[in-house]
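One rule links them: number in my numbering = place in the sequence shown (from 1) + 352. Below: the structure, in C-alpha cells.
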Amino acid sequence: MQSINEIKEILSRCSIDALPAQLKQWEGDSRKGVQNVLTSFRKKYERHLQEQARLEEILTYERGCWAAGYALVAGIDEVGRGPLAGPVVAAAVILPQECKIEGVNDSKKLSAKKREELYDVILEKAVAYGIGIVSNERIDEINILQATYEAMREALSQLSPHAEYILADAVTIPRISTPQRGIIKGDAKSMSIGAASIVAKVYRDRLMETYDAVYPGYGFAANKGYGSAEHIAAIQRLGLTPIHRRSFVKNLRPQEGDTTTDKGGRGETLAAKQMQKMGYEILERNFHALRGEIDIIAKKENTIVFTEVKYRKNETMGTPAEAVDSRKQQNIIRAAKAYIAQECLMEMGYDFRFDVAEVLNSEGKTYFRYTEDAFRLSE
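What follows is the structure in C-alpha cells.
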C-alpha cells in the first residue's frame with residue numbers, strides 16, 4: 353500500500369488534465385490522510401476549471417474582432433495617473449489568436465509576485481508589444497489626461513506588426529485612425545487589456561524602484577510615487593525631486609501669506625484625496641473650457657463625476673455649497689459638455705453627475721462634506 357506522502361507526490365507530478373483519473377484510483381482508500389489529500393487536489397482541479405471558464409469569458413471581445421476580420425488585436429492600458437512623482441506609462445500588447453495565459457487579470461487584483469511572473473510570460477507569447485512613457489515634466493505641461501493619451505499613442509506606435517483593432521480600458525484614444533473600442537473595466541474583461549495592464553504596471557514599478565536608489569528617503573520602491581503618508585512627509589521634510597509632478601504637489605507645502613487661489617488649491621487637493629478614499633478615480637483637475645472650469649473630474653464605476661470644490665475658513669459667508677449659484681452651475685455644465693465631447697464619453701454609455709465637495713477650515717480643524725447630485729445637467 354502506498355503511503356500518504358507517496359500518493360501526494362504522484363498527484364503533484366500529475367498533469368492537470370489527467371488529475372481526475374488519478375484521483376479515482378484512491379477514492380476507496382479509507383485513510384483520513386488520503387481523503388484529505390484527495391480533497392485538496394479536487395479543489396485544485398475545480399479552481400483550474402473555474403480559471404478556464406474565466407479565460408474563455410475574457411476572450412469574448414477579441415473573438416468578436418477576429419470574426420470581423422481583424423487578425424491583430426491590441427489591448428492597451430495605462431498606469432500612473434494618480435502618483436505625485438514619476439511618469440505615466442502605457443503598454444499595448446497583441447497576443448496570438450486564442451492565446452490563454454492563466455492568471456491574466458486586472459493588474460490591481462494581482463500580487464506583485466504574480467505580476468512579475470506573468471510579465472515574462474506575456475512578453476514571451478506576445479506577437480508584439482509597445483511601452484509608452486510620458487515624463488512628469490510633460491504631465492505638468494499638458495495635464496495628466498492628455499499625457500496618458502500621449503503615452504498610449506507612443507505604445508501603439510511601437511507595435512510591429514501594427515494593430516488592426518484596439519481594445520482600450522474605458523477610454524477612446526484621440527488622434528488614432530485604427531478602429532478602437534473602449535471597454536469599462538476592460539482590464540478584467542479582456543485578455544489583451546489585462547495583459548497590457550500587467551506589462552504597464554510591472555514596467556513602471558521597476559522604474560520607480562530604480563528612482564528609489566537615486567532619490568532615497570521618499571519611499572519610491574514601496575509607494576511607487578503615490579501620495580502615501582511617508583511620501584508626503586518626505587516632501588515636507590526634504591523638498592521636491594526632479595521627478596515630482598509640480599502640478600500635483602504645489603499645494604503640499606503651505607506658505608505664509610497664502611492667496612485665495614493657494615487656499616483653494618489646497619482645498620482641491622484635500623477633496624481629491626478624500627474622493628480617492630471614497631472609491632473615485634481622479635481623471636483630471638482644473639479643466640478649463642468655454643468660460644467654465646471644473647475643479648475635479650472623476651470616475652466611479654460607470655459614472656463620470658464633475659466636482660466643484662468650495663473652500664472656506666469659516667461659515668460667516670455661508671456654507672461652501674451656497675457659493676455654487678445658478679450662474680456658476682451653468683459655467684460648470686458648459687465645461688462638462690465640452691469635456692464629454694472632447695473625450696467621446698457619450699458614445700461609451702457613461703452616466704454623468706455634478707457633485708459639490710465642501711472643505712471648511714474652522715478653529716484649526718478641517719471638515720469635509722461631499723454632496724452627490726448637487727445639481728442637474730438640465731438645470
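All C-beta atoms, glycine included, are put in the ideal place defined by N, C-alpha and C. All values derive from a computational prediction rather than experimental measurement.
Query, Result
"4 or more residues per run - each alpha helix (DSSP H) lying fully within the segment 509-586", "543-566, 572-575"
"Proximity of residue 424 and residue 515 at Cβ, strictly below 8 Å", "yes"
"Boundaries of the alpha helix (DSSP H) in which residue 703 is found, first to last residue", "Unbroken run through residue 703 is the beta strand (DSSP E), 703-714; no alpha helix (DSSP H)."
"Span of the alpha helix (DSSP H) around residue 379", "Segment: none, residue 379 is in no alpha helix (DSSP H) and carries neither H nor E."
"Cα-Cα separation, residue 537 to residue 651", "11 Å"
"Rounded straight-line distance, which links the Cα of residue 644 to that of residue 611", "Here the model assigns residue 611 a pLDDT of 43, short of 50, so the residue's position is not dependable, and the following value carries that caveat. So the two alpha carbons sit approximately 21 Å from each other."
"Helix, strand or coil at residue 664 according to DSSP, with G and I counted as helix", "strand"
"Residue 544 versus 728, 456, 589, 658, residue with shortest Cα-Cα distance", "456"
"Which residues DSSP lists as bridging residue 429, in chain order", "443"
"Inter-residue Cα distance where the pair is residue 680 and residue 636", "19 Å"
"Closest by C-alpha distance to residue 428, when choosing among 460, 399, 482", "482"
"Candidates 725, 576, 658, of which the one nearest residue 638 by Cα", "658"
"Reduced DSSP category for residue 728 - H, G, I as helix; E, B as strand; rest coil", "coil"
"Coil, strand or helix - residue 472 by DSSP", "helix"
"Integer Cβ distance of residue 366 from residue 354, believed to fall under 8 Å", "Their Cβ separation, rounded to whole angstroms, is 14 Å, which puts residue 366 and residue 354 out of contact at 8 Å."
"For residue 437, the first and last residue of its enclosing alpha helix (DSSP H)", "Element bounds for residue 437: n/a, residue is neither H nor E."
"Whole-angstrom distance between residue 435 and residue 575, CA atom to CA atom", "9 Å"
"Sequence-distant residues of the same chain with beta carbon closer than 7 Å to residue 548, five excluded per side", "427, 428, 429, 443, 444, 445"
"Host beta strand (DSSP E) of residue 489 (start-end)", "Element bounds for residue 489: not the beta strand (DSSP E) but the alpha helix (DSSP H), 488-494."
"Neighbour flag for residue 683 against chain C, beta carbons, 8 Å", "Within the model displayed, chain C is absent; a lone protein chain is all it includes."
"Contacting residues, own chain, Cβ-Cβ under 8 Å from residue 587 (five flanking each side not counted)", "436, 570, 596, 601, 604, 605"
"For residue 386, the three-state DSSP class (helix, strand or coil)", "helix"
"8 Å Cβ cutoff met for residue 508 and residue 528", "yes"
"Collapsed DSSP secondary structure at residue 590 in the structure displayed", "helix"
"Sequence-distant residues of its chain with Cβ nearer than 7 Å to residue 700 (five each side left out)", "524, 534"
"Those residues which DSSP pairs with residue 409 across a bridge", "According to DSSP, residue 409 bridges with nothing at all."
"Length of the line joining the Cα atoms of residue 378 and residue 394", "12 Å"
"Cβ contact (3+ pairs, closer than 8 Å) linking the segment 463-472 and the segment 546-565", "yes"
"Close-in-space but distant-in-sequence residues of the same chain around residue 517 (CB under 6 Å, 5 per side omitted)", "417, 422, 425, 531"
"Neighbourhood of residue 368 by C-beta distance below 6 Å, restricted to the same chain and skipping five residues each side", "400"
"CB contact flag (residue 491, residue 599, <8 Å)", "yes"
"For residue 368, the three-state DSSP class (helix, strand or coil)", "coil"
"Backbone CA spacing between residue 614 and residue 627 [nearest angstrom]", "Legend: pLDDT at residue 614 = 48, less than 50; position of this residue unreliable, value from coordinates given subsequently. Cα to Cα, the separation comes out at about 20 Å."
"Cβ-based burial, residue 664 [other Cβ within 10 Å; buried from 16]", "buried"
"Simplified DSSP assignment, three categories, for residue 597", "coil"
"Whole-number beta carbon distance between residue 704 and residue 727, since they are thought to touch under 8 Å", "Not confirmed; about 12 Å, so no contact."
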